[in-house]
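> The opening residue of the sequence shown carries number 64 in the working numbering; numbering runs sequentially from there. Take this structure first; my questions come after.
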Amino acid sequence: MSGAMSGESRYHEVYAAWKADPRAFWGEAAKAIDWFTPPETVLDEKAGVYGRWFEGATCNVCHNALDRHVETRGDQPAMIYDSAMTGETATWTYREMRDEVAALAGVLRGMGVEAGDRVVVYMPMIPQAVFAMLACARLGAVHSVVFGGFAAKELATRIEDARPKAILSASCGLEPGRVVAYKPLLDQAIELSIHKPDACLIYQRPQADAALVEGRDHDWQGAIDAARREGRLADCVPVAATDPLYVLYTSGTTGKPKGVVRDCGGYMVALAWSMEALYGMKPGEVYWCASDVGWVVGHSYIVYGPLIAGCTTILYEGKPVGTPDPGAFWRVISQHKATTLFTAPTALRAIKKEDPHAEHLKRYDLASFRALFLAGERADPATVEWAEDILKVPVIDHWWQTETGWAIAGNPVGLGVLPVKHGSPTVPMPGYDVRVVDEGGRDVAPNTMGSIVIRLPLPPGCLPTLWHADDRFRESYLEAFPGNYSTSDAGFVDEDGYLFIMGRTDDIINVAGHRLSTGGMEEVLASHPAVAECAVIGVKDQLKGEVPCGFVVLKAGVERSPLEIEKELVALVREKIGPVAAFKLAITVGRLPKTRSGKILRGTMKKIADGDAWSMPATIDDPVILDEIAQELSRRGIG
Numbered sequence: 064m065s066g067a068m069s070g071e072s073r074y075h076e077v078y079a080a081w082k083a084d085p086r087a088f089w090g091e092a093a094k095a096i097d098w099f100t101p102p103e104t105v106l107d108e109k110a111g112v113y114g115r116w117f118e119g120a121t122c123n124v125c126h127n128a129l130d131r132h133v134e135t136r137g138d139q140p141a142m143i144y145d146s147a148m149t150g151e152t153a154t155w156t157y158r159e160m161r162d163e164v165a166a167l168a169g170v171l172r173g174m175g176v177e178a179g180d181r182v183v184v185y186m187p188m189i190p191q192a193v194f195a196m197l198a199c200a201r202l203g204a205v206h207s208v209v210f211g212g213f214a215a216k217e218l219a220t221r222i223e224d225a226r227p228k229a230i231l232s233a234s235c236g237l238e239p240g241r242v243v244a245y246k247p248l249l250d251q252a253i254e255l256s257i258h259k260p261d262a263c264l265i266y267q268r269p270q271a272d273a274a275l276v277e278g279r280d281h282d283w284q285g286a287i288d289a290a291r292r293e294g295r296l297a298d299c300v301p302v303a304a305t306d307p308l309y310v311l312y313t314s315g316t317t318g319k320p321k322g323v324v325r326d327c328g329g330y331m332v333a334l335a336w337s338m339e340a341l342y343g344m345k346p347g348e349v350y351w352c353a354s355d356v357g358w359v360v361g362h363s364y365i366v367y368g369p370l371i372a373g374c375t376t377i378l379y380e381g382k383p384v385g386t387p388d389p390g391a392f393w394r395v396i397s398q399h400k401a402t403t404l405f406t407a408p409t410a411l412r413a414i415k416k417e418d419p420h421a422e423h424l425k426r427y428d429l430a431s432f433r434a435l436f437l438a439g440e441r442a443d444p445a446t447v448e449w450a451e452d453i454l455k456v457p458v459i460d461h462w463w464q465t466e467t468g469w470a471i472a473g474n475p476v477g478l479g480v481l482p483v484k485h486g487s488p489t490v491p492m493p494g495y496d497v498r499v500v501d502e503g504g505r506d507v508a509p510n511t512m513g514s515i516v517i518r519l520p521l522p523p524g525c526l527p528t529l530w531h532a533d534d535r536f537r538e539s540y541l542e543a544f545p546g547n548y549s550t551s552d553a554g555f556v557d558e559d560g561y562l563f564i565m566g567r568t569d570d571i572i573n574v575a576g577h578r579l580s581t582g583g584m585e586e587v588l589a590s591h592p593a594v595a596e597c598a599v600i601g602v603k604d605q606l607k608g609e610v611p612c613g614f615v616v617l618k619a620g621v622e623r624s625p626l627e628i629e630k631e632l633v634a635l636v637r638e639k640i641g642p643v644a645a646f647k648l649a650i651t652v653g654r655l656p657k658t659r660s661g662k663i664l665r666g667t668m669k670k671i672a673d674g675d676a677w678s679m680p681a682t683i684d685d686p687v688i689l690d691e692i693a694q695e696l697s698r699r700g701i702g
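Pasting the structure below:
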């Protein structure tokens, strides 16, 4: 165990209070939110697929994020925009943001958008993307944010499923060394889609000018200016707590994306509780989530969570490295006095690879900084230890999913930091009754690998269903283990109640009848001093069924022979896990294939290695990398 203690943690007392009376716990938490009609029923177990939170209450998410703060902190910065791509920074107070969002909501209303209508948002990391989400929430319209620059075909499937009244977009996004024109992709997607929006609103960035389609497309800034001149500013529309705030699409196994639905009331209550108890944030403090508004993390902790909590949120357009160097994150923390950073482990590994001795960190004053949170994929102990060593603050791994909207398990800093165990996201948050079960759904003993499930009902903030797909929701999440939500993650709970996530259930490989975690092998590989990051997959084997294959990226400046390091890695896994792992293949590669959110595409790598048919994933960051992996495997006679 390692890590700092912040006095005595109140976690066990708070979790026990939730377990003793969940309705009283969430009823008390709901007092942090402004309601137009307060909730009388905290949980209706008979409503919806598995129960609904705060039935009968009415509220508005934009009111809670902006309007209510204008009276008490109107001149406080609500959002700081920092673009490492353009060098631009800008700040909006709560009052300025409220006025901007009210004007944009007025524009949307002029396009016929009303409560319950869907609006697709297809934008880069610019302030207008945040304004778009909040303007939809102001009207009670349901937004569906699609990651900017997503392929036209993928955007088209989301347009068809959500059937938006309007689409909000920008002329382009910026990547290091290139401008990505969004408008041609949007035009192509609308052409491919059976459903056509009534109107599109396009924000023209100086880096590219988009051609507007007459009668359908409108210039963003021109429309905002007209709405202001004519006094068409929209007020907040009361909606039911159980009405949808947004639909966020996540990849489905059938190829048809799953639309995760998020409700208004329960989501606000969960976010407000988590900002204080989990992240330890107070109103007025600066919170930075280095993600993208296209992902769930961006929805919860760039936009809604920090604003509901009265914090200042940072919107960052850039990368952890290359914009311009591996000190980019430290600059942002130092310049804007951020207290907390939430990012993906892959960002830390990229920084570590380029700057293993953290030389760039020495240029910046991080006096305001007190905690680093990691999520989105498993945080390997080597990366956590490196970050602890250079930053000298708690480094907190926490675990959640698009479906849950906030953390299932974490280390609640606001309640006092629990001892850290490397490799574990610590303990379940209130609301989550987490179990580890065998294939028959029976609880397993401590330290025994199994499927991780959550007993129903899920807490506030989690998905009540999938968009217009209750049956698919039941099949995907509830049928495998009746009475439980299946996370599709595998792992174990130790004797102290700490949870260890070892990978997706399909990342557990069966080597000659032994169930082994690829995550455990990755831990061993990552502990080698030359390794920046790694991934382990199971490859088909005639004798053993499956054997592990490790891919490693070396740190910058390593001059030793890759072949020599590969031999050491094989020996290291043999020593730490044993001959049972049958680990004989470590392959050095220049880069690992990842999604734009930083998740390693292990499933696609496995298909290539097994010689199975595979297609280029829509979410891939750089398609060239998969071709490089395929060539290297072929060179070694695999696949």
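Quick reminder that beta carbons are idealized off the backbone N, C-alpha and C, glycines included.
Give the straight-line distance between the Cα atoms of M492 and I564, rounded to the nearest whole angstrom.
If you number the sequence shown from 1, residue 492 lands on position 429. If you number the sequence shown from 1, residue 564 lands on position 501. Spanning the two alpha carbons is a distance of roughly 15 Å.
> Looking at the secondary structure, which residues open and close the beta strand (DSSP E) in which C352 lies?
Looking up residue 352 in the sequence shown gives position 289. Segment V349 to C352, the beta strand (DSSP E) holding C352.
> Compare the C-beta of Y185 against all C-beta atoms of chain B and say whether one is closer than 8 Å.
Among the protein chains of the structure shown there is no chain B, as only one such chain exists.
> I'd like the list of long-range same chain contacts for Y113, defined as Cβ closer than 6 Å, with 5 residues on each side in sequence excluded.
One-based indexing of the sequence shown puts residue 113 at position 50. Contacts found: L519 and P520.
> Can you give me the C-alpha to C-alpha distance between I453 and H420, rounded to a whole angstrom?
Translated into positions along the sequence shown, residue 453 becomes position 390. Translated into positions along the sequence shown, residue 420 becomes position 357. When rounded, the distance between both Cα atoms is 8 Å.
> Taking all protein chains shown into account, do 16 or more other C-beta atoms lie within 10 angstroms of the C-beta of S256, making it buried, or fewer, making it exposed?
For this step, residue 256 is matched to residue 193 along the sequence shown. Buried: at least 16 other Cβ atoms inside 10 Å.
> How big is the Cα-Cα spacing for G203 and M584?
Along the sequence shown, one-based indexing puts residue 203 at 140. Along the sequence shown, one-based indexing puts residue 584 at 521. If you take the alpha carbons of G203 and M584, they lie about 47 Å apart.
> Measuring alpha carbon to alpha carbon, tell me which of P320, I628, V184 and P369 ends up nearest A681.
Translated into positions along the sequence shown, residue 681 becomes position 618. Nearest of P320, I628, V184 and P369 to A681, Cα basis: P320.
> Please name the residue in A401, H531, V164 and S363 whose C-alpha comes closest to that of A286.
Working through the sequence shown from its first residue, we reach residue 286 at position 223. Among A401, H531, V164 and S363, the Cα nearest to that of A286 belongs to V164.
> Does the Cβ of G468 have 16 or more other Cβ atoms within 10 Å, making it buried, or fewer, making it exposed?
Here residue 468 corresponds to residue number 405 of the sequence shown, with the count starting at 1. Answer is buried; the Cβ neighbour count reaches 16.
> Using the beta-carbon count (16 or more within 10 Å), is H362 buried or exposed?
By one-based count along the sequence shown, residue 362 stands at place 299. Looking at its Cβ environment, which holds 16 or more other Cβ atoms inside 10 Å, H362 is buried.
> Using only alpha-carbon positions, find the residue among F544, V205 and M338 that is nearest to T305.
Within the sequence shown, residue 305 is the residue found at index 242, counting from 1. The option with the nearest alpha carbon to T305 is V205.
> Can you name, in chain order, every residue of its own chain whose Cβ lies under 6 Å from the Cβ of S69, other than the five neighbours on each side?
By one-based count along the sequence shown, residue 69 stands at place 6. Because S69 sits at a pLDDT of 43, beneath the cut-off of 50, its placement in the model cannot be relied upon, and the following sentence gives the value as read from the coordinates. So the list reads G479 and V480, once near-sequence residues are dropped.
> Need the endpoints of the alpha helix (DSSP H) that H206 sits in, please.
Start at 1 with the first residue of the sequence shown, and residue 206 comes out as number 143. Element bounds for H206: not the alpha helix (DSSP H) but the beta strand (DSSP E), V205 to V208.
> Less than 8 Å between the beta carbons of R567 and S551, yes or no?
Counting from 1 along the sequence shown, the entry for residue 567 is found at position 504. Counting from 1 along the sequence shown, the entry for residue 551 is found at position 488. Going by C-beta atoms, R567 is nearer than 8 Å to S551.
> Which term fits S624, buried or exposed, when burial requires 16 or more other beta carbons within 10 angstroms of its beta carbon?
On the sequence shown, residue 624 is found 561 positions in, with the first residue counted as 1. Exposed, because fewer than 16 other Cβ atoms sit within 10 Å of the Cβ of S624.
> Taking C-alpha atoms, which residue in Q191, A470 and Q464 lies nearest to Y5?
The chain is shown from 64 up to 702; residue 5 falls before or after that span and cannot be answered.
> Any chance you could list the alpha helix (DSSP H) runs of at least 4 consecutive residues sitting entirely within the region 436-500, in chain order?
As far as the region 436-500 is concerned, its whole alpha helix (DSSP H) runs of at least 4 residues are 444-454.
> Pull the bridge partners of R181 from the DSSP assignment, please.
Residue 181 sits at position 118 when you count from the first residue of the sequence shown. Answer is V205, bridged to R181.
> Using 8 Å as the cut-off, can you tell me whether the region 119-133 makes contact with the region 292-301, which would need three or more C-beta pairs spanning the two stretches below that distance?
Judged by Cβ distances under 8 Å, the region 119-133 makes contact with the region 292-301, as three or more pairs qualify.
> Where does the unbroken alpha helix (DSSP H) through K669 begin, and where does it stop?
Reading the sequence shown from its first residue, position 606 is the one you call residue 669. Per DSSP, K669 belongs to the alpha helix (DSSP H) from R665 to D673.
> With H, G and I counted as helix, E and B as strand and the rest as coil, what does DSSP make of T156?
The residue you call residue 156 lines up with position 93 of the sequence shown. Three-state result, T156: strand.
> Can you grab the Cα-Cα spacing for the pair G66 / R131, in whole Å?
Within the sequence shown, numbered from 1, the residue matching residue 66 stands at position 3. Within the sequence shown, numbered from 1, the residue matching residue 131 stands at position 68. Any reading at G66 needs caution, since the residue's pLDDT is 36, under 50, leaving its predicted position unreliable; the model's value is listed next. Rounded to whole angstroms, G66 to R131 spans 37 Å at the Cα level.
> Considering only the beta carbon of each residue, do E695 and V652 sit closer than 8 Å?
The sequence position of residue 695 within the sequence shown is 632, counting from 1. The sequence position of residue 652 within the sequence shown is 589, counting from 1. In contact: E695 and V652 (Cβ atoms closer than 8 Å).
> Run through DSSP, which three-state label would I257 get?
Residue 257 sits at position 194 when you count from the first residue of the sequence shown. Correct three-state label for I257: coil.
> What's the C-alpha gap between D180 and P457?
Numbered from its first residue, the sequence shown carries residue 180 at position 117. Numbered from its first residue, the sequence shown carries residue 457 at position 394. The straight-line gap from Cα to Cα measures roughly 43 Å.
> Going by the CB atoms, is the gap between W462 and K415 shorter than 8 Å?
Working through the sequence shown from its first residue, we reach residue 415 at position 352. Working through the sequence shown from its first residue, we reach residue 462 at position 399. It is not a contact, given that the beta carbons lie outside the stated cut-off.
> Can F614 and I572 be called in contact, C-beta distance under 8 Å?
Numbered from 1 along the sequence shown, position 551 holds the residue referred to as residue 614. Numbered from 1 along the sequence shown, position 509 holds the residue referred to as residue 572. Going by C-beta atoms, F614 is not nearer than 8 Å to I572.
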